[in-house]
Structure formats: C-alpha cells, structure tokens
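Asker:
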Amino acid sequence: MGAALARAAQWTSTGSGRGTLEITPLNESLLHEIIKFVENFSTRHPQEAAFVFKEPLEWKTQLDCSVFGAGYETDGTTVQSEAKGKDGQPLLLLTESTLKVRSFDQLSQLLNIAMEKKLKEAQTCLEANRDPIVNILGPGYGTVEGEDMSMLHLLDKVKKDDDPETEIKMKIFILLNQLDMQLLNSSLKHISQEVRLNPAAVNNEVNLLKHFSGKGEDTVLESLEYTSDYTFSNGCRAPPWRQMHGEICYLIIKPHDTDPLYITCSTAGVYLNGGKLKEKDDIDYERKSDIYKDIVTFLRERSPRFVENMSKQEYSFFKEPTSEKFYQHMEVVDAEDSGQSQKPHDYTEKNVYEKTKSSSVKSKSIDSKKLEPSLKWKNIVHAVTHRYFKYFSDKATKKDTEEERRRGTVSKKIRKKTTSISPESVKIQPASKCKTLEKYEEVSESSSETEEDEEQPERHQEGNIDLPSEYWQIQKLVKYLKGGNPTATVIALCSMRDFNLAQETCQLAIRDVGGLEVLINLLDTEEIKCQIGSLKILKEISQNSLIRHAIADLGGLQIMVKILDSPDKDLKCLAAETIANVARFKRARRIVRQHGGIKRLVGLLECISVGSTTLAPHQAKDFEIARCGALALWSCSKSTKNKEVILKAGSIPLLAKWLKCSHVNILTPVVGTLQECASEQSYRIAIRTEGMIADLVKNLSSEYEELQMHCASAIFKCAEDKETRDLVRQHGGLQPLCVLLGNSQNKELLAAVTGAIWKCAISGENVSKFQEYKALEALVELLTDQPEEVLVNVVGALGECCQEPINRAIIRKCGGIPPLVKLLTGTDRALLVNVTKAVGACATEPENMMIIDRLDGVRLLWSLLKNPNPDVQASAAWAICPCIENAKDAGEMVRSFVGGLELIVNLLKSKNKEVLASVCAAITNIAKDEENLAVITDHGVVPLLSKLANTNNDKLRRHLAEAISHCCMWGSNRVTFGETKAVAPLVRYLKSNDPSVHRATAQALYQLSEDPNNCITMHENGVVKLLLAMVGSTDETLQEAAAGCIANIRRLALATEKAKYG
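When we follow the numbering used here, the leftmost residue of the sequence shown carries the number 229, and every step to the right adds one.
#1: Are there 16 or more other CB atoms within 10 angstroms of the CB of residue 469, so buried, or fewer, so exposed?
#2: How long is the line joining the alpha carbons of residue 1011 and residue 982, rounded to whole angstroms?
#3: If you reduce the DSSP assignment to three classes, tell me which class residue 467 lands in.
#4: Starting from residue 499, follow the alpha helix (DSSP H) in both directions and report where the run begins and ends.
#5: Run the CB neighbour count on residue 1284, radius 10 Å, all protein chains shown included, and call it buried at 16 or more, exposed below.
#6: First and last residue of the alpha helix (DSSP H) that includes residue 451?
#7: Anyone know if the C-beta pair for residue 968 and residue 928 falls short of 8 Å?
#8: State the CB to CB distance for the pair residue 1232 and residue 1214, rounded to an integer number of angstroms; the pair is presumed to be in contact (CB under 8 Å).
#9: Using three-state DSSP, classify residue 489 as helix, strand or coil.
#10: For residue 329, name the three-state secondary structure that DSSP assigns.
#11: According to DSSP, is residue 482 helix, strand or coil?
#12: Excluding the 5 residues preceding and the 5 following residue 1203 in the sequence, name in chain order all residues of the same chain whose CB lies nearer than 6 Å to its CB.
#13: Nearest to residue 702 by CA position, among 716, 714 and 725, is which residue?
#14: Taking only the alpha-carbon atoms, compute the straight-line gap between residue 1136 and residue 281 and give it to the nearest angstrom.
#15: Starting from residue 303, trace the beta strand (DSSP E) both ways and give me its first and last residue.
#16: State the start and end residues of the unbroken alpha helix (DSSP H) segment that holds residue 936.
#17: Please go through the same chain and pick out, in chain order, the residues whose beta-carbon is closer than 8 Å to the beta-carbon of residue 918, but skip the five residues on each side of it.
#18: Check the C-beta distance from residue 330 over to residue 313 and give it rounded, since I have them as a contact under 8 Å.
#19: Are the Cβ atoms of residue 1159 and residue 1119 separated by less than 8 Å?
#20: Quick check on DSSP: helix, strand or coil for residue 867?
#21: DSSP three-state label for residue 833, please.
#22: Can you tell me whether DSSP reads residue 318 as helix, strand or coil?
#23: Given a cut-off of 8 Å on the beta-carbon distance, is the pair residue 809 and residue 855 in contact?
#24: Quick check on residue 447: does DSSP put it in helix, strand or coil?
#25: Residue 1234 and residue 1189 look like a contact to me (Cβ under 8 Å); what is the Cβ gap, rounded to whole Å?
#26: So, under 8 Å CB-CB, residue 502 and residue 521 are touching, yes? Tell me the CB distance rounded to an integer number of Å.
#27: Would you mind sorting residue 439 into buried or exposed? The rule is 16 or more other CB atoms within 10 Å of its CB.
#28: Return yes when the Cβ of residue 495 is within less than 8 Å of the Cβ of residue 425, no when it is not.
#29: In chain order, what residues of the same chain lie with their CB nearer than 6 Å to the CB of residue 186, ignoring the 5 residues before and after it?
#30: Let me check understanding here. Comparing Cα to Cα, which of 1131, 1145 and 705 lies closest to residue 1167?
#31: Using three-state DSSP, classify residue 1106 as helix, strand or coil.
#32: Please state whether the Cβ-Cβ distance between residue 1243 and residue 1255 is less than 8 Å.
#33: State the start and end residues of the unbroken beta strand (DSSP E) segment that holds residue 288.
#34: Answer with yes or no whether the minimum CB distance from residue 1186 to chain B is below 8 Å.
#35: Can residue 959 and residue 914 be called in contact, C-beta distance under 8 Å?
#36: Rounded to whole angstroms, what's the CA-CA distance from residue 1116 to residue 1082? Just pull it up for me.
Written out as structure tokens, the structure is:
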C-alpha cells in the first residue's frame, strides 16, 4: 500500500513537503479498492485481522461518538472498543476528534459504521499515515526505493523461530504487497486512459468559445467569463490553496437555455461547482456533478441549445492554423461537376512531395523515410473537407441534396477534372468536432427504443501529425476506382484488399479520402465483380464505429438491403454480413427495418436441410447464406420494434430448425438472436412451444463458451415462466448449469449461468436438485470478488434457495452470511433488492439471526429504508420482519436505532402498495413490544394506518389489519381508530376471497370491538352476518376472533337494553 500511495496516488504539495490527496477519479478509484480490501479482510483472514498493529493508525475523524453501537464503550466524548490487545489497551480509541485504530478487524468495523463517510475517512487516514505498513508491522517494513529486502529478512526469521506472530506478520506483509501490486496496476490502467487538462488547453478552449458567444440567436453561448482576471506564472487562475487540489480556473457560463453555470476546470477535467456563496466574494468549491474531459463535452450534456447552435456554425469554429498550413500547397484532382462543392481529398502526389521536401521539420523525403502506421494523424483528417462536415451536421435537413451529390460522385463513366484549391478554402475539422456532431446526430435521430448505442470512439490528443504512407497509396486507388473501366475498378479493389483493413489507420484513410462514397456507389452498379469487391472491403472496415456511422449517413444500408434480393449467393452473404456489422447502433437498425430488411434477412434462413453433417458445395453456400442472415438478425434484434417485425416475419420455426444444427458458427448467432428476443413474452412462449428448450439445454454442454453463455442467457430470460423452469429440469439442464459455476474466469458466462440458476430456483422442485448438485456451496463462493451483474444473480439464487430451512443452514455453514451482510452496503438497486430478500430469508433461523445481529445487519437493513427506490424500501422492510421476530432482545434492538421508528412510520405516507404492505408487516412486529408501540403511537402511526383502510389490495389489507390489531394494545388507540374512520372499511375486508385477509381482519375487529362506539359502527355496517359465517371456519384463530367480536357486540346490546328497560 505504501508503494501505491507514493508512486500512483496524486498528491498536492505544500511548503512543508506534505500534502493531501487530490480529488481525482484516479484517487477515488484507489480509495475504493483499499476500502474494499479492508472491509473484506476480517471475513477472509480472521486470524490476521486480529493482529495488533505495532503503532496505531491515527487521524482526525469526522465521525461522532453516537454512531458507535454494540461492541464499544462510550463515555462523553471518548469511545473505546470492548476488544483489547494483550497490553490491555483498546484496539479502537476515539478521544475528541482523534481516532486511533490498532487492528484490521476494528478498521473493517469502522468502515461499516462510517457508511457514506467511509471514503472521506479512508482519505484522511491515508493522508495522516503516508506509509501505513510502518504503523502496522513496524519501521523495518517501510516502503523503500530500490531493492526491498524486508521480505527476505522476514522469511529468515520465520525459518529460525516458531513464533506464530512472525508467521502472521509474513502473511499480512504478503497480502499488503498483493494489494500494492493491484493498486499500481489499476492506476497504470487508469492513467493510460486519462487525458489531463492543463492551463494552456483550457485557455485555448475558452478563447474559442468566446469567439462564438454573444447575444445573437445563432451563438453557442450568451457569455463565458473567468471569475478572476489574475493569472499566476503557471497559467492558473485558481488561488494557490486550490491549485493544491489540481484546480486551474473557475468559469461563469451563461447558456441560452439554462441558468448560469459555475464550473471548475481542473487537471482531472471539468465539473460543476457550488457557485458563488451568498454575502461572500468566494466560491463553493465542492464538486456537484460528474467530471467531463473538456468544456464542450460538459456543455453538450447540459445545454441542448448549445449542441444545436454549434452544429450551425461554420467549420471554421474548429479551424486549426497548423493543419491549414500543412495542406496549403495541395491540389485537388477529380473534383465534382460544375456547381457542386470541391473535394480536397485527392491531392497530387507531386505537391505532397514538394511539401515534404520544403518542411523544416523533416530531413528526409517520403521516398527514403519508411513511415510506420500511426493513429495520430486521424485527429485532423476526420473530416478533411467542408463536405464531410455537411454529412455530420446537415444530413437530416439536406438529405435529398446529399443523395444527388453522392450519386454524382461515381458512375459507370467518371469524368476527370483537375481543379486547384486555395489555401484559404482549406480548413481542417478535428476529431473532437466530428465526435460532437456524431453524438448530436444520435440525439436528434433517437427513437422510442430503449437500447443504448455503442460507445463513441475516444478522443486522441493532437500532436505532430504524420500521415502514414498507406494514406497516399489508398488515395491513388480511390482515384482509379473513380476513373477506371470495370476491369481497372476490380483490380483497384483487389489492390485495396491487400492492405491490412483490420488496421484503424487504413479504415479511416479510406473514409477520409472519399473512398466510402465510391465503394457504396459501386454497389449500385450492375457489375457483380465490382459489387463483390466493394462489399468485401466494406465488410472489413465496418468493424470501426466511425465507418459504420458514415456508411449509414451515405445511404449504404438501403442499397445492401436491396442486394439481399440478388440471385447471386456470394453477394447476399456479403451484404448480410456487412449489415450485421453496421447495424450495431439504433439508427442503423431502424433503417434496416424501415426498408424491409428484416423480412429479407429472415428469408435467408429458408435454405437447406439442417440434419446433414457433411455438406455438398451448393449446400455449403446455402449454409453460409443462413449463417450471415442469422448474424444480421442478431444485430437487428437489439431493438424492441425489430423484435416484433422478426416474429411477424415467421422467424421462429426457422430459428428452431437451425437450433438443431451441430455447426457452432451458425448456432452462435441463432442462439444469440433467441436470447436477445427472449426478453419479450411472445418469444418466450414461442421458444417453449416450439420445443427449443431441449436444444438450449443440450448446447449448455458445448465446448464453446460463447455458445454456452448465450444458451444460459436464453434460459435465464425464458425461466420467468413456470412451464419453462419445469422443462429445463425435465431435460436435465440443471446439472450442466451447476457444472458451469466452476468457470469463474469468464464473467459474462458466469453472469448468464447464475441468472439461469436464479430463475430456475423459483420452483421448489428445482431447488431440491440444486441442493443435490452442491450448487449452494458454489454460489456462496461467488459472493466475493465478482462484478455486480454476477452478484445480483448469485444473491437472487441464494434468496430463492433460502426458502427451504435446510438450505439456510447450508449457507450458514459455508460462511455465506457475512458476505451477504456486507453487500447491504452496496448501491445497485437490483443487488440491494436481492440481498435484502436473502438476508431476510436467512434471518428466519435463530442461529443465522445471531450472526446477522453481530455483523450489524439489522442496522444496515434499517438504513436501506432511506433509499429513494421503492423496491429497495419494500424489500428491506420485508427483511426486517423476520429479524425482529427472531432477535433475542428485539425491542431493545429496535429502540437502539436512532430515528428508526420515526423513519418507518413516515414510510406509511408512500404511494407504493408494496412499500405500504411491507411497512405494515414491520409495524406489526414492532408493536409486539409495548415501549416501541408507545413510541410509534407518539409518531402518529394510528391516523396514518387509518388513511390506508380504503384499499382494494388484499396483500395490503392483510398486513394493515394485522398492524391495526397489534396497535390497539396501547392506550386509547382503539378509540382513535374509530375516530379516524378506520372501522367501517375493515368490515368490507370480510368480503374478500383471501382467507388470510379474513383472519387478520377478524382479529383487528375483535380488538376494536372493545370500544362501544366501534361496536356500533361495525353493527351498522353489517359485520354480524359476515362474522357468523366465519364462526364455523376450520381456522381456529379466525373462529375465536369472530366469536369474540360478536360477543362484544352482543354484550353492548344487552347493556344498552338493560339501561333502557331496567
């Protein structure tokens, strides 16, 4: 840990040489990893966790004495742990605001207590203890530069004596070294992806934005100003004490469509701060938003008007003088016809050489200098011309014009005309602009589909630009493609395929010199060889996301969809496979659907008999067509509307047929398509009725992990239905799923398999099988060091299995309860819902409940009632019920949660029926303790329960009636329920068809009937007739409650008659 803090963490510096950790994404990432290590330390290494540090870790804490509960002794402003070292000193001591910790066990508990403050506590601790290993093990183990011999010395010592403490030290030292390596690797990965800002870059961006800001309607911003006019010698405008945190300057930005934005520019990026403080000439420096890489990216997320107006600006907005100078001597060949815009992507090779020779930077000519492929050049040639800018910004409004220009670029006979281009007319658009416009286009083209688009390519920093030799060679080939006859065109296409088209340099070179337009126009010719050659190239280069977007912009998808009707099988294969590559973003998938591509792709599956293992040559070609069609359908099936069209096109029988095939290269896209579509109920029914479950189960035993993953994912989605869960068991699918749990390296496969096990475990018969196959033990092992998508499914499966008492014991014996409780501190909604269910199920066993209570699990569950998500609130409240029922001193435990009772009573104001039902169930258990009942009565539980009485939800009715029944036991609550109009609605509950509602309601009415006024209300609402029918019930509790209520009503009637008639 010392090496990582010294070398990887980002520290501010002060005059004394010591500093603080900067607030940067890298530091936050390192802190989270350290916190995770410490939190899990006591669970994974209990013996080492008990080791007492040589010197305590000491720092100034922000925690208050009140947060320390069981296991700590509090005396005024001093807190000390009950656990003590051999010297009798407490392992944790808080005096005033100074905290001293002397073991990993106490550190782990402290982080659990700190909850949302754990990040700040970890940061403060590490700032105060720059080399914590010295405190933990002693000065001999401190971090040193150069060769570290401490490990060898420790090893010698272990060999010489049998002191168990030395062995523990050895283990701790190894564990801390492993953490060090993990942190260093993580920081290297983070730094390699990070683009840090500097004052010059910020100043340039601000000046550029100012140039296009003002009061006009088309300006990108109203104004943009620094908060300070003073510039320090290092270029920063932030005060020195803020520069320590990496901050450069502060800006006030006024967009056209939002309130003024106060932002901080720091070395880590740009983010929103708290704005100006009232009555002070200062700024609230605290970060209020995510960190963005630059100001433009920040504004694009905050101001739609900014994006819109930026797209209207001329390309000179992104003018780069150095790039302009670079191109000023180049000439254009093969420009457009008269009246069309010039195309400066074809430059004469002669003038390029002249530029190279005249450059003072280069000492050799291109002939003598072998250029290595470089990606740096793409930052200024993303859109070399105004024409490309038009494609990205004005496509939506000028589609017809662009179609005419595109078709005019290449024809069967291409006219050649050389036109020179002036230096002033050449302006280069950088990659960042290209990316911005691309994202804006995606926003403007968005539909109702909910799938996320693929990530946009990351921006590369601009530097000295060296165009690789491939660029000029590809330029020549594009020229031949335009001007040659069919034979020359085919030769040029073959030559272009000789380049490494998998290399991004070549892919973008083809686009930037106008090659994409030529290739797409060749698809519109009648020359089969030209079409095939063009598609082979497009298939390769469409692996690049920029190329995919460009193909869609240039109308390439529409032409490829038409080619699917071609009689030529090679053409159909290539067109389908290229569509599969391009249709990885929403707009492309929509284009395929709108132009009838889905039906044609489904038609490609109608080919040969599937059963044969050896294929004749003509069958092999049909097989390839089906494979390419399945690939394209797989890409298209990621959109909801496309799934509907695929189903209507009659795909299900064809997919079922191909699912019986033994060839993995077609099985993978077929199963991939099915698992994508299985999110829809109609597909799940079709998959079951067409007998596809048996084939999916069979392929779980395949040797190909990708196929296994898609099969498991399909079962995961289909097993929502009970019939499917039974079929999976009947076809022997549960055992291969359990076997696949052993493959913990492939996280995608593991997520799919654990998801399938979770959904299958909903059926009790399947749980018995999982128990037989030792699945629970394997699932418990997966509760640590797994990504959230795996943890959600693992915990979900354990939650279902926990419904059986024997499985709850298995989980306890396997050590599954501590990691489950730790997961309660997470933030993912789905994970929290599942883990609360699992912990609640485990808590029904008293032995399990003791462990949960010892780990402070009930407090964590209670804190989840504050979660804003109603699903989490409801799940936490349900889990609290068995905890209260099975805790030793439940009443005292509940009262120990400061503000806990008020919190749960206030949840009765929720609009969510599940939250209300779960909270009523929790109140039922809380009210069993008289003191707690008195407290919740003071918090107004009675009127809040009464307000819920007029409900038709049987689940809520049952738990509400139980809560009312128990709340009647205190003071005048019975009378208050009558006054707040809760009695009459309860009588109507007896008309429900749910026997559990009858029982709960009868008990509530019995308690309420102790008050005479309530008896009158019940009688007026016809309760006697309804209760008389229930007196004969086989349910003894219902019998007694019904009879008791009738007896109370009868006694009141007799007393009234006696008083009236004597």
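Each residue gets a CB set at the ideal place from its N, CA and C atoms; glycine is no exception.
Answerer: To lay it out plainly:
#1: In the sequence shown, the residue the question calls residue 469 occupies position 241. So residue 469 ends up on the exposed side.
#2: As a first step, residue 1011 must be located in the sequence shown, where it is residue number 783. As a first step, residue 982 must be located in the sequence shown, where it is residue number 754. Distance between the alpha carbons of residue 1011 and residue 982 is about 12 Å.
#3: Looking up residue 467 in the sequence shown gives position 239. Residue 467: coil per DSSP, three-state reduction.
#4: Start at 1 with the first residue of the sequence shown, and residue 499 comes out as number 271. First-last for residue 499: 497 to 500, but that is the beta strand (DSSP E), not the alpha helix (DSSP H).
#5: Walking along the sequence shown from the start, residue 1284 turns up at place 1056. Residue 1284 comes out exposed.
#6: Against the sequence shown, residue 451 aligns to sequence position 223. From DSSP, residue 451 is part of no alpha helix (DSSP H) but of the beta strand (DSSP E) over 451 to 454.
#7: The sequence position of residue 968 within the sequence shown is 740, counting from 1. The sequence position of residue 928 within the sequence shown is 700, counting from 1. Result yes, Cβ atoms of residue 968 and residue 928 sit closer than 8 Å.
#8: For the purposes of this step, residue 1232 is taken as the residue at position 1004 of the sequence shown. For the purposes of this step, residue 1214 is taken as the residue at position 986 of the sequence shown. Indeed they touch by this definition, with Cβ atoms about 6 Å apart.
#9: Counting from 1 along the sequence shown, the entry for residue 489 is found at position 261. The answer is strand: DSSP assigns residue 489 an E or B state.
#10: Translated into positions along the sequence shown, residue 329 becomes position 101. If DSSP states are grouped into helix, strand and coil, residue 329 belongs with the strands.
#11: Mapped onto the sequence shown, residue 482 falls at position 254. Residue 482 falls in the strand class under three-state DSSP.
#12: Taking the sequence shown and counting its residues from 1, the one referred to as residue 1203 is at position 975. 1239.
#13: As a working note, residue 702 is residue 474 in the sequence shown. Residue 702 has its Cα closest to that of 725, out of 716, 714 and 725.
#14: The residue given as residue 1136 occupies position 908 in the sequence shown. The residue given as residue 281 occupies position 53 in the sequence shown. One C-alpha to the other measures close to 48 Å.
#15: Residue 303 sits at position 75 when you count from the first residue of the sequence shown. Element bounds for residue 303: 300 to 303.
#16: Numbered from its first residue, the sequence shown carries residue 936 at position 708. Segment 933 to 946, the alpha helix (DSSP H) holding residue 936.
#17: As a working note, residue 918 is residue 690 in the sequence shown. Excluding sequence positions up to five before and after residue 918, its CB lies within less than 8 Å of the CB of 880, 881 and 884, all in the same chain and listed in chain order.
#18: By one-based count along the sequence shown, residue 330 stands at place 102. By one-based count along the sequence shown, residue 313 stands at place 85. Going by Cβ atoms, the distance from residue 330 to residue 313 rounds to 6 Å, so yes, they are a contact pair.
#19: As a first step, residue 1159 must be located in the sequence shown, where it is residue number 931. As a first step, residue 1119 must be located in the sequence shown, where it is residue number 891. Their beta carbons are under 8 Å apart, which means residue 1159 touches residue 1119 by this criterion.
#20: Within the sequence shown, residue 867 is the residue found at index 639, counting from 1. Three-state result, residue 867: coil.
#21: Taking the first residue of the sequence shown as 1, we reach residue 833 at position 605. Coil at residue 833, not helix or strand.
#22: Numbered from 1 along the sequence shown, position 90 holds the residue referred to as residue 318. Strand.
#23: Counting from one through the sequence shown, the residue named residue 809 turns up at place 581. Counting from one through the sequence shown, the residue named residue 855 turns up at place 627. Result no, Cβ atoms of residue 809 and residue 855 do not sit closer than 8 Å.
#24: As a working mapping, residue 447 is identified with position 219 in the sequence shown. Correct three-state label for residue 447: coil.
#25: The residue you call residue 1234 lines up with position 1006 of the sequence shown. The residue you call residue 1189 lines up with position 961 of the sequence shown. For residue 1234 against residue 1189, the beta-carbon gap comes to about 11 Å, at or over 8 Å, which does not count as contact.
#26: The residue you call residue 502 lines up with position 274 of the sequence shown. The residue you call residue 521 lines up with position 293 of the sequence shown. So it is not a contact: roughly 21 Å between Cβ atoms.
#27: What you label residue 439 is simply residue 211 of the sequence shown in a count that begins at 1. It counts as exposed.
#28: The sequence position of residue 425 within the sequence shown is 197, counting from 1. The sequence position of residue 495 within the sequence shown is 267, counting from 1. Taking 8 Å as the Cβ cut-off, residue 425 and residue 495 qualify as a contacting pair.
#29: Any question about residue 186 goes unanswered here, given that the chain covers just 229 to 1290.
#30: What you label residue 1167 is simply residue 939 of the sequence shown in a count that begins at 1. Among 1131, 1145 and 705, the Cα nearest to that of residue 1167 belongs to 1131.
#31: Here residue 1106 refers to the residue found at position 878 of the sequence shown. Residue 1106: helix per DSSP, three-state reduction.
#32: Counting from 1 along the sequence shown, the entry for residue 1243 is found at position 1015. Counting from 1 along the sequence shown, the entry for residue 1255 is found at position 1027. Going by C-beta atoms, residue 1243 is not nearer than 8 Å to residue 1255.
#33: By 1-based counting over the sequence shown, the position of residue 288 is 60. That run of the beta strand (DSSP E) goes 285 to 288.
#34: Among the chains of the structure shown, chain B does not appear; only one protein chain is present.
#35: Looking up residue 959 in the sequence shown gives position 731. Looking up residue 914 in the sequence shown gives position 686. No, these two residues do not count as a Cβ contact at 8 Å.
#36: Working through the sequence shown from its first residue, we reach residue 1116 at position 888. Working through the sequence shown from its first residue, we reach residue 1082 at position 854. Each residue's Cα considered, the two are about 12 Å apart.
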